Structure formats: structure tokens, C-alpha cells
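Colleague: Going from the sequence shown to the numbering used here is simple: count from 1 and add 427.
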Amino acid sequence: MNTQENNKLIAEFMGIVYPKLDNVIVIDNVVIKENELQYHTSWDWLMPVANEIIKSRDEQNADWDLTNLKYALCTTNIEWVYKAVVEFINQYNK
Numbered sequence: 428m429n430t431q432e433n434n435k436l437i438a439e440f441m442g443i444v445y446p447k448l449d450n451v452i453v454i455d456n457v458v459i460k461e462n463e464l465q466y467h468t469s470w471d472w473l474m475p476v477a478n479e480i481i482k483s484r485d486e487q488n489a490d491w492d493l494t495n496l497k498y499a500l501c502t503t504n505i506e507w508v509y510k511a512v513v514e515f516i517n518q519y520n521k
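1. Rounding to the nearest angstrom, what Cα-Cα distance links E432 and V476 in this structure?
2. Among T494, A438, M474, I481, which has the Cα closest to the Cα of E463?
3. Measure the beta-carbon distance from I480 to L500 and round it to whole angstroms, keeping in mind my assumption that it falls under 8 Å.
4. With distance defined between alpha-carbon atoms, name the residue in I516, K435, V451, N429 nearest to R484.
5. Within 10 angstroms of its Cβ, does L448 collect 16 or more other Cβ (buried), or is it exposed?
6. Which of helix, strand or coil does DSSP assign to I443?
7. Cα-Cα, which of T502, N504, L493 is closest to Y519?
Below, the structure written as C-alpha cells:
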């Protein structure tokens, strides 16, 4: 998957659904096109996703392996965290 597809995967995990016709959504009164998602470059976008993953695991008392995500968060490397989030979501969706 490319970055745009991964960003859309993350958005869908977070409950954001794009209408099929124009591929835009509105977040906080801002129109965002599918190709303008910033999960791969912005901590402001990515950290709520990591938080949602951890919170969901705790709330569901699930036995999800978050080792890669936790390690990536400790590195403070956004590329590693992004990759770990995408990897987790792909496993979660299976």
C-alpha cells in the first residue's frame, strides 16, 4: 500500500468515512481531501490514533500485541510510529 492508501486505512479505523463521489470530509469545519490526510507527517494527526489503539485494547481487555507500537513510540520517530500503526490496523482488520 502507498501512503495515501495507508492514510485512508487509518482514517477509516478512526471512524472517518469518505463519501464515494468527491473523496472529501470535514473535520473541525475544515474540508480535507483524501490525498491531504497527514497521519504520516503530523504528530497531531498520528498520536490520537496510537492513543485510540491503546485505549481500545484496554477497554476491550484484548490480548493485542502492541510491542512494535510501544517500541516505535519510545523512539519518537514518526515514520516508525506510522508504520507500527498501519501494521497494527492491518492485523486488526483481519
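Virtual Cβ for every residue (Gly too), placed ideally from N, Cα, C. Keep in mind that this is a model prediction, so the values were computed, not measured.
Modeller: If we stick to the structure as given:
1. As a first step, residue 432 is located in the sequence shown; it is residue number 5 there, counting from the start. As a first step, residue 476 is located in the sequence shown; it is residue number 49 there, counting from the start. Their Cα atoms are separated by approximately 16 Å.
2. To locate residue 463, count along the sequence shown from 1; it is residue 36. Of the listed residues, the one whose Cα sits closest to E463 is A438.
3. Residue mapping note: residue 480 aligns to position 53 of the sequence shown, counting from 1. Residue mapping note: residue 500 aligns to position 73 of the sequence shown, counting from 1. In fact, because the Cβ distance is near 10 Å, the residues do not count as touching under 8 Å.
4. As a working note, residue 484 is residue 57 in the sequence shown. Closest option to R484, Cα to Cα, is I516.
5. Working through the sequence shown from its first residue, we reach residue 448 at position 21. Per-residue confidence for L448 stands at a pLDDT of 49, beneath the threshold of 50, marking its modelled position as unreliable; no derived number is given.
6. Position 16 of the sequence shown, counted from the first residue, corresponds to residue 443. Three-state result, I443: coil.
7. Residue numbering aside, residue 519 sits at position 92 when the sequence shown is read from its first letter. Closest option to Y519, Cα to Cα, is L493.
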